[in-house]
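So the structure is just underneath, and the comments pick up after that.
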Amino acid sequence: MSFESRDELVHLLQTEGPERALEILDERIAEASLHEAGSPDATRTLAAKASLLYLLDRDEEAADLWAQVARQWAELHGADSSEALGARTEWILATAFSGELDAALVESSTLLHDIERAFGPDSPTAFRVREIRVRLTADLDRHPQALELAEDLRERRIAALGPLHPDSIRSHRMTAGIAAAQGDYERALEGYRAALIALEQSEGPLAESTLDTREDVAFLLGMLERFDDSEIAYTDLLDVLAEHPNGELLATVLRRRLALFERGEEELGLPASTVDEAYTDALSRLEAAPDAENAVILALRERWAARLSQSNRHAPALYQFRLLDDELARTGEPDSVLAIRGAIALSLRELGALDEAIEVLRAALNLAEASSSARESLAIQLSQDLTARGLHEESIALLQGFPFGEGSILNALAVAHIQAGQYAEAEAVLEPLQDAATEHPTATDLRILGNLGVVACELGRHSLARDRWIRLLEIEVANIPVTGTSRRQEIANADPDILRTRFNLARERWHLGEIRRALHELDDVIECRDAVLGEDHPDALAARSLRALITRQSGDLREAATRYRALLEDRSRILGADHPRTLLTARALSEIEGDLA
0 MSFESRDELV HLLQTEGPER ALEILDERIA EASLHEAGSP DATRTLAAKA
50 SLLYLLDRDE EAADLWAQVA RQWAELHGAD SSEALGARTE WILATAFSGE
100 LDAALVESST LLHDIERAFG PDSPTAFRVR EIRVRLTADL DRHPQALELA
150 EDLRERRIAA LGPLHPDSIR SHRMTAGIAA AQGDYERALE GYRAALIALE
200 QSEGPLAEST LDTREDVAFL LGMLERFDDS EIAYTDLLDV LAEHPNGELL
250 ATVLRRRLAL FERGEEELGL PASTVDEAYT DALSRLEAAP DAENAVILAL
300 RERWAARLSQ SNRHAPALYQ FRLLDDELAR TGEPDSVLAI RGAIALSLRE
350 LGALDEAIEV LRAALNLAEA SSSARESLAI QLSQDLTARG LHEESIALLQ
400 GFPFGEGSIL NALAVAHIQA GQYAEAEAVL EPLQDAATEH PTATDLRILG
450 NLGVVACELG RHSLARDRWI RLLEIEVANI PVTGTSRRQE IANADPDILR
500 TRFNLARERW HLGEIRRALH ELDDVIECRD AVLGEDHPDA LAARSLRALI
550 TRQSGDLREA ATRYRALLED RSRILGADHP RTLLTARALS EIEGDLA
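Mapping to numbering that gives the first Met the number 0: the sequence shown position 319 is 318, numbers consecutive.
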């Protein structure tokens, strides 16, 4: 076996394994070098080893070997030989995959010059290196330059090979893809349409590549907000796929069509009902397709169920999640089953069936095959539901039964203690995590720091609580991935978690008697929450409630009465007249009006 082809190398890997395959090639190299070091046979085998390292994703080692191969071929056959230039091409690819894109791009320019001198500008090798240069430039996010190179390559290929040659058509698609990546959808549409015309002539209207390009055209029409044209194109394509089934392409068409509908909903005010219809249509088409993969259908159903849940349509969401559960119980991975059981329990809880939700979670935790991380996530959810039912001891015992490897389970245990009023126990769980949480803070670390602030407040240590909220706020703002001060502040004002920290800090300042500063900071929070979350959001109502309370306790009863009246009107409208928070607001207003009288 010569090991000069990829198939031979793959067979060697499959039969011998990586280490033994490399040993065999080393033995061949040594054997070929006995008679003459750097002989053609030894060089060819060295090239095979470089290819094998490339297949094993050991790209730096592969690049080093390709450099050696190029030198040896240059000595044997000359620097302009096809073997030497081919090895230099492979060096560029291996170097690029090792992460050294700039170095690969620089060498590709020199190599192209040498190839054009040796074989001419329209040689297959020159075209190959030009395409590599296009892709390297695009991978470096230099899209304008990449687009210019791609268009030049396309024109050269059309002139040399003709408009219907597969490489010319590929250049149309490559040019269009780069244009789309930089947001030039008109230019991209032009490229895909040119490719489509050529494909219909060369491969026929029903070829998979033709249909795939029709989908690209339909999608770009949507990106250009030409939704009617896009929908006509998609409908025509779906009609073709109904007569000529292709499950994989159908899944792509439906997925990308849904993405356009969701974009239209988010950015252009497309009615939610229209998007819902697109989801149900997509599901029915996939279920009717004879060759659609079951995993694709399940993934789409899960997206549809999640959409229903996120829009508070919990009854239909529960129905979809249960359909998923029935299928996954037979064919799914244990972790996937646990995730769906968690979604079922969440829907049940939102529908008021808390006891049933608890039983679903208890049963799900008995799936021993699931990973520890999946079981921990479900245990945290069960703990929260047990706490909501008032079963604090069971909630705490459940979490204490898990090995404490991750901060998330410890934080959940601390929350269970907090909900049970066991603040000292919560602090004992959290304090050992504090230093690590500030080093490279994750989302869990930020929750740990926040709960330390809550515990200090509940224990009456308001100075410590204030300091903890200040530190958390500093970390949260520092984590915003921008450099400009004004942009950072803009993002901070729109972040619900940061607004929650600022709310808690204002509350601590009130506890410490810093009334003026507390009111100033609280007014900022109210303004931001109303703008970001909406005036009817629970957090927005909570901020207005605290503002009214501080105003009352500072002695300004008339303003307090005004604020409580507005709050009572809002809570009555949103929560109902009999809701406990509405009744508390009404009682506070009655007391203030009595004092004023």
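Glycine included, C-beta positions come from ideal geometry on N, C-alpha and C. Predicted, not measured: the structure shown is a model, and the values here were computed from it.
Here's the rule I'm using: 16 or more other beta-carbon atoms within 10 Å means buried, otherwise exposed. How should residue i be labelled?
i, result
"Ile357", "buried"
"Tyr318", "exposed"
"Thr234", "exposed"
"Gly389", "exposed"
"Val9", "exposed"
"Ile231", "exposed"
"Val453", "buried"
"Arg557", "exposed"
"Glu214", "buried"
"Glu507", "buried"
"Arg5", "exposed"
"Ala250", "buried"
"Ser310", "exposed"
"Glu89", "buried"
"Thr212", "buried"
"Thr550", "buried"
"Val481", "exposed"
"Leu33", "exposed"
"Ser462", "exposed"
Are the beta-carbon atoms belonging to residue i and residue j less than 7 Å from one another?
i, j, result
"Ser170", "Arg132", "no"
"Thr94", "Ala102", "yes"
"Ala137", "Ile177", "yes"
"Ile395", "Ala427", "no"
"Asn410", "Ile469", "no"
"Leu471", "Thr441", "no"
"Ala187", "Ala175", "yes"
"Pro289", "Pro244", "yes"
"Leu381", "Leu360", "yes"
"Val216", "Tyr184", "no"
"Ser335", "Leu327", "yes"
"Leu600", "Ala363", "Absent from the structure is residue 600, since the part of the chain shown begins at 0 and ends at 596."
"Arg172", "Ala193", "no"
"Ile114", "Leu84", "yes"
Considering residue i, what are the terminal residues of the alpha helix (DSSP H) in which it resides?
i, result
"His416", "406 to 418"
"Arg449", "Looking at the sequence itself, residue 449 is Gly, so the reference to Arg does not match. First-last of the alpha helix (DSSP H) with Gly449: 442 to 457."
"Arg134", "123 to 138"
"Leu269", "That residue, Leu269, is in no alpha helix (DSSP H); it is neither H nor E in DSSP."
"Ser229", "226 to 242"
"Pro579", "579 to 595"
"Arg116", "100 to 118"
"Glu438", "433 to 438"
When DSSP labels each residue in this structure, what does residue i get in the three-state scheme?
i, result
"Pro143", "helix"
"Ser80", "coil"
"Glu368", "coil"
"Phe401", "coil"
"Ile474", "helix"
"Gly263", "helix"
"Val481", "coil"
"Ala291", "coil"
"Arg19", "helix"
"Gly554", "coil"
"Gln421", "coil"
"Arg528", "helix"
"Gly618", "This structure does not reach residue 618, given that the chain is present from 0 up to 596, and the question cannot be answered."
"Glu568", "helix"
"Arg388", "coil"
"Leu152", "helix"
"Asp523", "helix"
"Ser38", "coil"
"Glu489", "helix"
"Ala559", "helix"
"His536", "coil"
"Ala576", "coil"
"Ser308", "helix"
Step through the CB atoms of chain B and report whether any lies within less than 7 Å of the CB of residue i.
i, result
"Gln399", "In summary, chain B is missing from the structure at hand, where a single protein chain is found."
Next on the checklist: List, from N- to C-terminal side, the alpha helix (DSSP H) runs of 4 residues or more that fit wholly inside the stretch 493 to 521.
Outcome noted: 495 to 510
Checklist entry - Which ranges does the alpha helix (DSSP H) cover as unbroken runs of at least 4 residues, wholly within the stretch 40 to 96, from first to last along the chain? => result 58 to 76, 81 to 96
Next on the checklist: Please give the ranges of any alpha helix (DSSP H) in the stretch 318 to 358, keeping only runs that are unbroken, at least 4 residues long and fully inside the region.
Outcome noted: 333 to 349
Checklist entry - Could you give the uninterrupted runs of the alpha helix (DSSP H) lying entirely in the stretch 157 to 219, keeping only those of 4 residues or more? => result 165 to 180, 184 to 201
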